[in-house]
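> In the UniProt record's numbering, the protein residues as written are 1 to 150.
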C-alpha cells in the first residue's frame with residue numbers, strides 16, 4: 001500500500017476515533033483525552049492510536065484501560081465510517097509529549113523571568129541607586145513649593 005494511502009487512512013481513523021471518544025462514549029473513565037496521531041500498518045490490519053491523557057498517572061492508567069475496553073466499539077465505528085477491506089485492530093499508546101512540552105515551556109518561562117529579574121537588579125545597582133531617595137525628596141520639595149505659592 002502506498003504511503004499516501006496509509007496517511008489518508010490514518011487521518012480518517014484519527015477523525016472517527018476522536019469524534020467517537022468525544023461525542024459517543026459514555027464511559028466515565030475516558031475523559032480529558034486527545035487523539036494526537038494514528039499510525040496504520042501498511043497492510044491496514046493494525047493501527048496505533050497515540051493519545052494524550054491529562055491528569056495524574058493513576059487517572060491516565062484508568063483512562064487507557066477504559067479506551068482498551070472500548071476498542072471493539074471504536075473499531076466498529078471505524079468499520080461503519082471507512083470503507084476498507086480490513087478494519088484495523090487498535091492499540092492505544094499514551095503519548096506524554098504534550099505534557100513534556102508544557103513542562104519545557106514552563107521551565108523556559110521561569111528562566112526568562114529569572115533572567116529579567118537579574119537584569120533589572122544589575123541595572124539597578126549600576127545605574128541609579130539613589131533614584132528612590134531623590135524621588136521622595138523631589139516630591140517633598142514639590143509640595144513645599146506648592147504650599148508656599150498659595
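Glycine included, each C-beta is placed from N, C-alpha and C at the ideal position.
These numbers come from a predicted model, not from an experiment.
1) Could you tell me whether any non-hydrogen atom of the ligand NAD is closer than 8 Å to the CB of residue 60?
2) Using three-state DSSP, classify residue 102 as helix, strand or coil.
3) For residue 89, which beta-bridge partners are listed by DSSP?
4) In the DSSP assignment, what residue or residues form a beta bridge with residue 39?
5) Report yes if the CB atom of residue 78 is closer than 9 Å to the CB atom of residue 90, and no otherwise.
6) Please state if the CB of residue 74 and the CB of residue 17 are separated by a distance shorter than 9 Å.
7) Going straight from the alpha carbon of residue 108 to that of residue 22, what length do you get?
8) Identify, in the order they occur along the chain, each residue of the same chain with its Cβ nearer than 7 Å to the Cβ of residue 25, setting aside the five sequence neighbours on each side.
9) Could you check which residue in 34, 19, 15 has the C-alpha nearest to that of residue 95?
10) Give the straight-line distance between the Cα atoms of residue 55 and residue 8, rounded to the nearest whole angstrom.
11) Pull up the distance between the alpha-carbon of residue 101 and that of residue 113, whole angstroms please.
12) Of the choices 48, 105, 52, 103, whose alpha-carbon is the least far from that of residue 31?
13) Could you compute how far the alpha carbon of residue 62 sits from the alpha carbon of residue 28?
For this structure:
1) You won't find the ligand NAD in this model; it holds no ligand whatsoever.
2) Along the chain shown, read from residue 1 onward, the residue named residue 102 stands at position 102. Three-state result, residue 102: helix.
3) Taking the first residue of the chain shown as position 1, residue 89 is located at position 89. Secondary-structure assignment with DSSP links residue 89 through a beta bridge to 46.
4) In the chain shown, counting from the first residue as 1, residue 39 sits at position 39. For residue 39, which the question treats as bridged, DSSP gives the partners 48.
5) One-based indexing of the chain shown puts residue 78 at position 78. One-based indexing of the chain shown puts residue 90 at position 90. Yes; because the gap between Cβ atoms is below 9 Å, this pair is in contact.
6) Numbered from its first residue, the chain shown carries residue 17 at position 17. Numbered from its first residue, the chain shown carries residue 74 at position 74. Cβ atoms of residue 17 and residue 74: closer than 9 Å.
7) Within the chain shown, the letter at position 108 stands for residue 108. Within the chain shown, the letter at position 22 stands for residue 22. Going from the Cα of residue 108 to the Cα of residue 22 covers about 32 Å.
8) Residue mapping note: residue 25 aligns to position 25 of the chain shown, counting from 1. If we look at residue 25 and ignore the five residues flanking it on each side, its Cβ neighbours are 70.
9) As a working note, residue 95 is residue 95 in the chain shown. Checking every option, the nearest Cα to that of residue 95 belongs to 34.
10) Taking the chain shown and counting its residues from 1, the one referred to as residue 55 is at position 55. Taking the chain shown and counting its residues from 1, the one referred to as residue 8 is at position 8. Residue 8 has its alpha-carbon roughly 31 Å from the corresponding atom of residue 55.
11) Taking the first residue of the chain shown as position 1, residue 101 is located at position 101. Taking the first residue of the chain shown as position 1, residue 113 is located at position 113. Going from the Cα of residue 101 to the Cα of residue 113 covers about 18 Å.
12) Taking the first residue of the chain shown as 1, we reach residue 31 at position 31. Cα-wise, what sits closest to residue 31 is 52.
13) Locating residue 62 in the chain shown gives position 62, where the first residue counts as 1. Locating residue 28 in the chain shown gives position 28, where the first residue counts as 1. Approximately 10 Å, taken between the alpha carbons.
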